Amino acid sequence: MTTSRKAFHLTCELDASISPEAFRAAFPERGASSFVLEGGGAPSTNPQLDRAAFMGAAPIATFRARRTAARDSLGRTLADVVIERASDRRDAWSAVDPFTALRDFVSANAVPRDVFDGRHPFPFRGGLVGYIGYECGQMLERLPCIARPSVGMPDMAFALHRWVIATSRTTGKSWLSVIGLGPDRATARQDAEDTRDHVLRTLAERSSAPRERANAKTRRPFRVEAGLSASEYMDRVATAKDHIAAGDAFEICMTNALRAPLARGRAWSLFDELRRSNPAPFAAFLDLPEGTIVSSSPERFLSLDAHGIAESRPIKGTRPRGATPEDDARLARELVSSEKDRAENAMIVDLVRNDLGRVCRYGTVEAPDLFAVEPYATVHQLVSTVRGELDADKDAIDLLRATFPPGSMTGAPKIEAMSILERLEPAERGVYSGALGWIDLGGAMDLSVVIRTVVVKDDTATFSVGGAIVADSDPRDEHEETVHKGRALVRALETLSRQDEPHPTLGERP
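Note that the working numbering has the sequence shown beginning at 1, numbered continuously upward.
Here it is as structure tokens:
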């Protein structure tokens with residue numbers, strides 16, 4: 001927080017439990033940077049994931065970064081950055097380091113820890129909500145930048161929220177956290193109280209919202225189109241294996257982009273359907289001016305708590321769910337005992353340990369939980385946990401710079417794998433494979449890996465699937481794994497299509 005402004009933190013338990021549905025009914029405006037981040041939606045080996053749903057709307061500022069053709073002296077891509085405030089003030093910078101700009105934005109709005117009311121039971125009390133797209137890795141390392149098709153979302157997008165509703169998944173109780181601002185403490189307190197009253201009044205007055213329906217003019221027959229056909233994907237897996245055999249990399253995480261019709265007005269219905277059919281520890285709904293992001297991610301990329309403990313939970317290793325309990329248990333045992341899957345997971349654990357070691361105190365980085373099997377609606381996943389204690393002179397942005405993009409989405413070594421992927425994949429990844437979540441104004445952070453995620457823009461749903469390629473990968477098996485991973489999203493999209501169209505069809509580009 002700048003020295004000319006004071007902050008006051010107000011927290012209160014609400015009389016009624018606020019569900020994501022009730023929140024959406026109260027704040028339905030499309031493209032207004034509202035959000036729902038819902039943790040703990042699926043069984044997890046980590047009880048810390050079963051915390052709360054965070055909800056907010058009406059940010060006081062937004063941050064956007066888009067890549068340019070310019071590079072710095074080290075060959076890293078630079079970006080144009082724009083900050084827009086609710087007061088209609090707009091600041092813009094050309095060809096700058098967006099991570100430095102993000103740090104400046106966070107620092108300018110930071111709140112001293114002694115301002116926060118210790119009675120608030122949740123780690124996110126107000127701050128930034130948004131994402132960092134995969135191609136932001138080009139802004140951290142010298143990497144090839146090949147012009148390819150993209151969805152057209154910003155490379156980095158955050159909104160600054162000074163009020164957040166949090167609903168506990170265990171007790172059902174809801175709390176409202178508000179950060180008031182003003183030239184002095186009394187004015188800041190009054191600002192917090194006025195904001196609280198406005199939010200509570202809005203919740204009370206807007207008890208229901210009309211059901212989302214597709215506009216008849218925008219409805220199209222349901223069909224999933226893949227950027228790479230099955231044969232094309234398998235050919236690229238073979239090429240990735242050639243790179244591995246040549247010693248260029250140990251592991252390469254190939255992905256494939258898919259598209260299906262979906263009216264943007266149905267994005268919330270998609271989120272609601274995924275919450276029911278594919279519950280996940282990091283469900284998310286971000287309704288941005290440029291498009292809507294609906295995520296059902298099982299994977300934590302990075303968290304940083306108030307005590308400086310950083311954690312990552314990389315996922316590598318997949319099996320489909322079984323048709324019977326016995327078959328399901330067999331597949332879970334097969335996954336945890338698979339030398340190939342354990343090796344893939346171990347490679348990424350080593351990569352994450354190395355990344356965390358760049359900014360954590362020497363000797364504090366550890367992997368306390370290796371190769372845990374977590375079941376989800378359509379797949380079993382192999383998950384490990386890596387932790388470390390952040391150096392005293394480092395912050396959340398330092399942690400991001402040292403670890404982005406998620407190693408589970410690149411391969412190893414990271415830079416070499418990313419360089420190969422730039423040439424293998426026919427489209428930019430965009431939001432997919434990046435990081436999504438919140439950065440608290442007190443310094444904490446929690447970000448998921450953007451997988452099992454749909455971007456809805458221009459009445460089209462875009463999503464991607466992929467897998468880790470190693471020396472003994474079978475191209476056909478690797479393609480089949482992507483089918484399993486995409487099944488939950490395709491089913492959810494097809495369910496919505498059946499509600500809007502009497503005769504959906506499903507297909508793939510030959």
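Cβ atoms here follow ideal geometry from the backbone N, Cα and C, with glycine treated the same way.
Since the structure is predicted, the reported quantities are computational estimates derived from the model, not experimental observations.
Other residues of its chain near residue i: CB distance less than 6 Å, five sequence neighbours each side excluded
{"i": "L274", "result": "S296 and A492"}
{"i": "T460", "result": "R259"}
{"i": "E141", "result": "I415"}
{"i": "G486", "result": "V465"}
{"i": "R429", "result": "Y134"}
{"i": "A427", "result": "R148, P149, G227 and A257"}
{"i": "A216", "result": "Low confidence applies to A216: its pLDDT is 49, below 50, so where it sits in the model is not reliable, and the reading given next is rough at best. So no residue of the chain qualifies."}
{"i": "A392", "result": "none"}
{"i": "A332", "result": "V373 and H380"}
{"i": "A92", "result": "V82"}
{"i": "N46", "result": "Confidence is the limiting factor: at N46 the pLDDT is only 45, short of 50, which leaves the residue's position unreliable, though a coordinate-based value still follows. None."}
Bridge partners - residue i, DSSP secondary structure assignment
{"i": "G56", "result": "F35"}
{"i": "Q381", "result": "T318 and E374"}
{"i": "R85", "result": "A61"}
{"i": "F520", "result": "Here the chain has residues from 1 to 510 only, and residue 520 is not among them."}
{"i": "M254", "result": "G467"}
{"i": "Y131", "result": "A157 and L436"}
{"i": "W175", "result": "E13 and A166"}
{"i": "A260", "result": "A461"}
{"i": "D283", "result": "Note that residue 283 is Ala in the sequence shown, not Asp. DSSP lists E38 and S296 as partners of A283."}
{"i": "R201", "result": "DSSP output for R201 lists no bridge partner at all."}
{"i": "D80", "result": "R66"}
{"i": "T410", "result": "BP columns for T410 are empty, so no partner."}
{"i": "A180", "result": "The question names Ala, yet the displayed sequence has Gly at residue 180. Paired residue(s): F8."}
{"i": "V365", "result": "Partner(s): none; V365 has no beta bridge."}
{"i": "V449", "result": "A435"}
{"i": "V483", "result": "V483 pairs with nothing; no bridge assigned."}
{"i": "S303", "result": "E311 and D446"}
{"i": "C552", "result": "Here the chain comprises residues numbered 1 to 510, so residue 552 is not present and cannot be evaluated."}
Proximity of residue i and residue j at Cβ, strictly below 8 Å
{"i": "V365", "j": "D398", "result": "no"}
{"i": "V36", "j": "M55", "result": "yes"}
{"i": "L335", "j": "V383", "result": "no"}
{"i": "A396", "j": "I439", "result": "yes"}
{"i": "F8", "j": "A188", "result": "yes"}
{"i": "D305", "j": "A444", "result": "yes"}
{"i": "R24", "j": "W175", "result": "no"}
{"i": "R103", "j": "G442", "result": "no"}
{"i": "A435", "j": "F285", "result": "no"}
{"i": "E13", "j": "K173", "result": "yes"}
{"i": "G137", "j": "P405", "result": "yes"}
{"i": "D97", "j": "D72", "result": "yes"}
Residues of its chain near residue i, where Cβ-Cβ distance is below 7 Å and the 5 sequence neighbours each way are ignored
{"i": "T505", "result": "With a pLDDT of 40 at T505, under the threshold of 50, the modelled position of this residue cannot be trusted; read the value that follows with caution. Excluding sequence neighbours, T505 sits near P221, F222 and R223."}
{"i": "I309", "result": "R387 and E389"}
{"i": "R476", "result": "M234"}
8 Å Cβ shell around residue i - same chain, five flanking residues per side excluded
{"i": "V431", "result": "Y131, G133, Y134, V151, M153, I293, V450, T453 and V455"}
{"i": "A417", "result": "A249, E251, I252, C253, T410 and G411"}
{"i": "P510", "result": "Reliability of the predicted coordinates at P510 is poor, the pLDDT of 36 falling under 50, and the value obtained from them is presented with this limitation in mind. Once the five neighbours on either side are set aside, the close Cβ partners of P510 are S229."}
{"i": "R185", "result": "K6 and F8"}
Interface flag, residue i vs chain D, CB-CB below 8 Å
{"i": "E232", "result": "Absent here is chain D; the protein component of the structure consists of one chain."}
Boundaries of the beta strand (DSSP E) in which residue i is found, first to last residue
{"i": "K340", "result": "No beta strand (DSSP E) contains K340, which is instead part of the alpha helix (DSSP H) from E339 to G357."}
{"i": "S464", "result": "T460 to I469"}
{"i": "R30", "result": "Element bounds for R30: n/a, residue is neither H nor E."}
{"i": "S312", "result": "I309 to S312"}
Span of the alpha helix (DSSP H), counted from its first residue to its last, around residue i
{"i": "Y233", "result": "A230 to A245"}
{"i": "A95", "result": "Here A95 belongs to no alpha helix (DSSP H); instead the beta strand (DSSP E) covers R90 to V96."}
{"i": "A402", "result": "A396 to T403"}
{"i": "E141", "result": "It is not in any alpha helix (DSSP H) - E141 carries neither H nor E in the DSSP assignment."}
{"i": "E21", "result": "P20 to A26"}
{"i": "F116", "result": "It is not in any alpha helix (DSSP H) - F116 carries neither H nor E in the DSSP assignment."}
{"i": "F271", "result": "A267 to S277"}
Any non-hydrogen atom of the ligand FAD within 7 Å of residue i CB
{"i": "P221", "result": "The ligand FAD is not among the ligands present in this structure, which contains no ligands whatsoever."}
Checklist entry - Are three or more beta carbon pairs between the stretch 254-262 and the stretch 446-460 nearer than 8 Å? => result Contact holds: three or more Cβ-Cβ distances are below 8 Å.
Checklist entry - Would you call the stretch 24-36 and the stretch 54-68 touching, i.e. three or more CB-CB distances under 8 Å? => result As far as the Cβ criterion goes, the stretch 24-36 touches the stretch 54-68, which means the pair count is three or higher.
Next on the checklist: Taking 8 Å as the cut-off, does the stretch 468-480 touch the stretch 329-349 (at least 3 CB pairs, one atom from each stretch)?
Outcome noted: Taking 8 Å as the limit for Cβ pairs, the verdict is that the stretch 468-480 does touch the stretch 329-349.
Next on the checklist: Using 8 Å as the cut-off, can you tell me whether the stretch 347-362 makes contact with the stretch 318-332, which would need three or more C-beta pairs spanning the two stretches below that distance?
Outcome noted: The stretch 347-362 vs the stretch 318-332: no contact.
Checklist entry - Within the chosen definition, does the stretch 110-125 reach the stretch 385-392 through at least 3 CB pairs nearer than 8 Å? => result As far as the Cβ criterion goes, the stretch 110-125 does not touch the stretch 385-392, which means the pair count is below three.
Next on the checklist: Would you call the stretch 159-168 in contact with the stretch 58-65, where contact means no fewer than 3 C-beta pairs closer than 8 Å?
Outcome noted: Result yes; three or more Cβ-Cβ pairs closer than 8 Å.
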